[in-house]
Amino acid sequence: MKASHNSINRRQFLGQASCAAVGTTSLLSTLTNMLLTNSAVAQNAAGFTDYRAMICLFLPGGNDSFNLLVPTGAAYSEYAQVRADLALPQASLLPISPLNTASRPLALHPGATGLQTLFTQQKLAFLANVGSLVRPTTLGDFNTGNSLPYGIFSHSDQQEQWQSSIPDVRSGVGWAGRAADLLESANISSNVSMNISISGNNLFQVGNQIVPYTVNASGASALNGYAGTGGYDPIRHSAIDNQLAQEYKNMLDKTYARMKRNSLDAYQQFTEATANPLPADNLGNGPLGSQLRQVAKIIAGRNTLGVKRQIFYVQWGGWDFHDNVVDNMAAMIPVVSDAVKAFYDLTVAMGVQNNVTLFSASEFGRSLTSNAKGSDHAWGGNQFMVGGAVNGQKIYGTYPDLFQNNSLDTGRGRLIPTTSVDQMAAELAIWMGVSKSDLPLVLPNISRFYNISGSANPLGFMA
Amino acid sequence: MTYQYILKISRLCLLGTLLVGMSDGLAQDVISISTLNTDMSERWPQPATVVIRRSGGVKAVTVPISFGGTATKAVDYASSAGSSVTIPLGAREVWVQVRPLTDALTEPTETVQVQVQAAPGFTLSGSSSVSINLLDNSGLANDEEATRFLIQAGFGADPDELAEVKLLGFEGWINQQLTRPKGYLQPVIQARRAAGKDIFHPATKIALWTQAMRRRNPPGGGTVQTDVLRQRVAYSLLQIFVISQNVDALSLNSEGVTNYYDRLMDGAFGNFRQLLFDVTLHPCMGVYLSHVGNRKPDLSINRYPDENYAREIMQLFSIGLWELNQDGTRKLDGNGKPIPTYTNQNITQFARVFTGIQYGGPGNTQFDYSGENFLYPMKVWDQEHDMDAKTLLNGTVLPARTYNGANTQTLGMLDINAAIDNLFNHPNVGPFIGRLLIQRLVTSNPSPAYIGRVSAVFANNGSGVRGDMGAVIKAILLDPEARSFDKTLEPTFGKMREPYMTLMNMAKTFNAQPQSGDYESATYMYEFYLQEPFQSPSVFNFYSPNYRPFGELTALGLFAPEFQILTAVTAIETQNNLLNSVENEISRWGSSPANQMKLDFSQEIPLANDPDALIRRLAIRMTGGTLRPRSFQNIREAVLKIPTSNATWQIDRVKMTAYLIGASSEFNIQK
């Protein structure tokens, strides 16, 4: 348990997953029991000497990532046929030379020059056809509705599942939150959570004990008229503090006051820790670059914050292109690619490139077939991982057949993922310091995809 | 860290005071009495709180009290106190609750008098008694109850609307609202254009504010047929049938967007079937969910219909993802698992229904016409409509149709109407839409019984009509769960006020009308709140109806949608904007004198030298009387720190009160 005055609020508070099912009949006694029986988190993560951070770059709306990582050479005609008017011209694709043998020659979207450079520098790898799976799934399973993710192909559900990595149950807790529940003992007491979002509240970072801290690209906000020594600031200061220190019976009142208190407490520490100038960068001042710069500022403040482990959430764009998918991606892929490259370069300038791993995520890939204007919701997609600790210049997972009615095609080129989010998350969680034996606490379904007693890593993309 | 430090210091100070007080055995307590409520009502049995305060000493002191007045204790009212109260060691006040006892008698307004009696150990200061009116059950709503109603049903209680509600009663007021002329938004845009003003995206907010802020009895005289209930319901429907100007095609098109909003206004008290139809064929929705220009499949070139609208009309606009009982709970299959309402197969079938849709309007004569008309419903061009048979929900099959080459726009429309009917008649609509509207207006976690009562009205308005939205809104607002006082005491009842609504509530309550009538000062507020009308980040609205904030609520499986946009940034920025609104004006950057939206505190300023009266008044106006005694005390002690020697002490005390109430949990969580 931590000494911070609000540590009760933040961490040692109720909230085990098992409590989620209780009814409202004996509400107050239940709450009392939960408070009494709440046990300390696992302490296995203490004692890290190095710093590690992981950044989830979420591309909401469903990135059409079979136009990011594209078959070329002899495999191009299969791609061109299924994608029809959505196919990128072969001559426009950026070549890559994976060190491992992919199932077919692959190339990148013409706007992905930054990703291409990082790939060639062995700082970036792709994971092909990854998605939310309840268990390894065949077309037969799909057709009989066996063990499918709930609300399959819907944005809100698939987002939830990428972030919880539990596609068969609504848990209200994210896998980065559960990982942080285990890892946070590596950090000294802080008002600032180890899980920080630059892009709003999200499920990914919510733990059973960890409450994410959410700022924006400009950082945290100061409460006006509160901290000064003149005017009515001292009056407001004590009145607001008293207001937030009250005992509330109504749980919404209580939750509201607690969140405001946490925001005020974290502000000063956070702002001091992130005040130092960074090396020059090429992130620009767009929304994505600004968010990633804010991440870098926080990483630069890691010693002030006293953290050894941090998990960040950055979200950019709306990728739900039922309409104009080719034009829109032509405008947006370069933004992602350039920002990711500039961010990696900044971590190099800061000397932390081996301590920071960024990965992309998106709730689903899109239908390979066209609706004459764009593509529709599907399932498996392609993601990338970036950082000095990534075993780069490789394609992980299995790049699938794209022709229609192949053994993964659930219709219209909506492909069943061949790698689960669980496997991707496990690889990252292990790198962050979660022991293999603790993996099921973070990823309850992991054993359906990976033998946690074996010596091999789940996918091998992390050093 | 700072906080901890200050807390320690303040404890030390208190200890210091204690020691001084105890060593000085001669320190004499000065006792006074006041009340946090001047009225209570059998109809709305919220207890009145009498407060007995002391200054001077810190030791525990016992004060004898007595009850008098025309009402009889234990018959007309109950009290938490007997013949004395004790102010504990170190405390500065103690509260005596007086609770009305409801009976069936018709009685005149009675009074409860509470008096402090002189006794050794203290002296009395000021009046030794307070008197509280006890209103009979037969009367109409008091200010507290009526204000709370208008926080749910309107944009907060301005004095004119409050008077109407108190005069007509809730049902009478709703009945009148149902028949009031519609305050459409599109004409506001047209007037702006005629006046040569900007009509890009801030104009839609200006139009919304213009209509929401109308006063029943404007200062210039006359009477305005205000329709705040319709305005509030349309505002809420926009959070279900979401379109957003964060897409380029709608950003500059305020007239089209307000034309869409006006269809929501029609639907607010119209029939849900028509509402779903109007939404489906509105070109703004066609652009937003990409079914405008949707073409029939051509498998020879691997082309399929766009599935976007087909999915969202089911998931978000009508039936939701799971089969529901009429009380909103999920139906379960034999294995105890929830049952999906539709499969992806259903979506592909509905996608084929929504083919051949293109802009309408007088100029468009063919599917390939490139003109974009946002003021007419879209048309369904048979030449691009999929004529094959389609299977809808619940086994409904639409027959294959024969395209006659004439482009009559009739065959495709048959399919669209059949699909709308298919969804409209699905039993999920009542509980699904009913719950969403209850969450917007009343409480985040309605009981199954409450949802069930609203669903029943959706299914049949009493005259055999399904989907009568006026009846549904009435059922939501008049339901015992929405109206019961006891409900407000339950630890899980209520909702977080929408962050943006806190701004509208302040403006409406304190009549922040710009001289020019132009509400442009109220625009560009998204970053403060992560919310602003017509600016949702996606079709999923600003927050999910199923969002759970960390803590007790999640542990109990409860929802609190608006908490999704309460972050470490918005929790602070919302309060900063409150401070700016109270101290200066409602504006992000400051505005010209003619456009200034200043809160009108003229009624409060005369109360500045009586903090109890000042806080009483603002607590009623802003929270419907839900400010708790502890908060009242905290605010009073803050206000009293503003000395009357300050040149602007009167308005400063008013502003301090309004700010601290606006920052409180009681204000931000409506019950």
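Protein chains in written order, with the working numbering: chain A, 898 to 1360; chain B, 41 to 711.
Idealized CB from N, CA, C, for every residue including glycine.
* To do: Determine the DSSP secondary structure at phenylalanine 1414 of chain A, reduced to helix, strand or coil.
  => Given a span of 898 to 1360 for chain A in the structure shown, any question on residue 1414 of chain A remains unanswerable.
* Assigned secondary structure, arginine 668 of chain B (DSSP; H/G/I helix, E/B strand, else coil) -> coil
* Which whole-angstrom value describes the C-beta separation of phenylalanine 162 of chain B and valine 103 of chain B, a residue pair presumed to lie in contact below a C-beta threshold of 8 Å? -> 7 Å
* **Anticipated Cβ contact below 8 Å, threonine 549 of chain B with arginine 661 of chain B, distance rounded** => 5 Å
* For methionine 1282 of chain A, three-class secondary structure by DSSP -> strand
* Same chain only: Cβ atoms within 6 Å of serine 63 of chain B, ignoring 5 sequence neighbours per side -> Reliability fails at serine 63 of chain B, whose pLDDT of 41 lies under 50, so the model's placement of it is uncertain and no value is given.
* Hey, is the segment 68-75 of chain B in contact with the segment 86-94 of chain B, meaning 3+ C-beta pairs nearer than 8 Å? -> yes
* Please report the residue range of the alpha helix (DSSP H) in which isoleucine 246 of chain B lies. => 242-252
* Distance between asparagine 1279 of chain A and threonine 1171 of chain A (C-alpha atoms, nearest Å) -> 33 Å
* To do: Mind checking the segment 1140-1155 of chain A against chain B and listing, in chain order, the residues whose C-beta falls within less than 9 Å of any C-beta there?
  => Gln1140, Leu1141, Ala1142, Gln1143, Glu1144, Tyr1145, Lys1146, Asn1147, Met1148, Leu1149, Asp1150, Lys1151, Thr1152, Tyr1153, Ala1154 and Arg1155
* Please confirm if the segment 1061-1074 of chain A is in contact with the segment 1089-1100 of chain A, defined as three or more CB-CB distances below 8 Å between the two stretches. => yes
* To do: Under 8 Å Cβ to Cβ from leucine 985 of chain A, same chain only, skipping five residues before and after it: list those, please.
  => Asn964, Val967, His1006, Pro1007 and Val1223
* Does the distance from the C-beta atom of glutamate 521 of chain B to that of tyrosine 540 of chain B stay below 9 Å? -> no
* Can you tell me the Cα-Cα spacing of glycine 920 of chain A and tyrosine 583 of chain B, whole angstroms? -> For glycine 920 of chain A, the predicted model reports a pLDDT of 30, less than 50, meaning its position is unreliable and no value from the coordinates is stated.
* To do: Could you list which residues in chain B have their beta carbon closer than 8 Å to that of isoleucine 1137 of chain A, in chain order?
  => Leu700 and Ala703
* Asked: Using 9 Å as the limit for Cβ to Cβ distance, is aspartate 338 of chain B near chain A?
  -> yes
* How many Å lie between leucine 432 of chain B and serine 1051 of chain A at the Cα? -> 19 Å
* **Inter-stretch contact (C-beta, 8 Å, three-pair minimum) for the segment 105-123 of chain B and the segment 135-146 of chain B** => yes
* Asked: What span of residues does the alpha helix (DSSP H) with glutamate 185 of chain B cover, start to end?
  -> 183-193
* Asked: In the structure shown, what three-state DSSP assignment does valine 579 of chain B receive?
  -> coil
* Asked: Are the CB atoms of aspartate 1150 of chain A and isoleucine 709 of chain B nearer to each other than 9 Å?
  -> yes
* **Cα-Cα separation, alanine 1083 of chain A to glycine 1203 of chain A** => 9 Å
* Return yes when the Cβ of arginine 256 of chain B is within less than 9 Å of the Cβ of glutamate 185 of chain B, no when it is not. => no
* **Contact under 9 Å by Cβ, leucine 1030 of chain A with serine 1257 of chain A** => no
* Go through its chain and collect everything with a Cβ distance to isoleucine 127 of chain B's Cβ below 6 Å, but skip five positions before and after it. => Arg94, Val101 and Val134
* Sequence ranges, alpha helix (DSSP H) only - wholly within the segment 355-441 of chain B, length at least 4 -> 384-393
* State the Cα-Cα distance for the pair threonine 1201 of chain A and leucine 1325 of chain A, rounded to the nearest angstrom. => 25 Å
* Asked: Do isoleucine 379 of chain B and phenylalanine 472 of chain B have their CB atoms nearer than 9 Å?
  -> no
* Residue range of the beta strand (DSSP E) that arginine 94 of chain B falls in? -> 88-95
* **Within chain A, partners of asparagine 674 of chain B - CB distance below 7 Å** => Ala1136, Asn1139 and Gln1140
* For histidine 1043 of chain A, count neighbouring Cβ atoms within 10 angstroms of its own Cβ and tell me buried if that reaches 16, exposed if not. => The identity of residue 1043 of chain A in the sequence shown is asparagine, whereas the question assumes histidine. Exposed, because fewer than 16 other Cβ atoms sit within 10 Å of the Cβ of asparagine 1043 of chain A.
* Asked: Which partner residues of phenylalanine 162 of chain B appear in the DSSP bridge assignment?
  -> B/Asp69
* To do: Could you tell me whether the Cβ atoms of glutamine 355 of chain B and serine 1061 of chain A are closer together than 9 Å?
  => no
* Under 9 Å by beta carbon: chain A residues contacting arginine 343 of chain B -> Ala981, Asp982, Thr1266, Ser1267, Asn1268 and Ala1269
* So, does the CB of glycine 374 of chain B fall closer than 9 Å to a CB anywhere in chain A? -> no
* To do: Have a look at B/Ile612, B/Val152 and B/Asp198 and flag the residue whose alpha-carbon is nearest the alpha-carbon of aspartate 18 of chain B.
  => Nothing about residue 18 of chain B can be read from this structure; chain B reaches only from 41 to 711.
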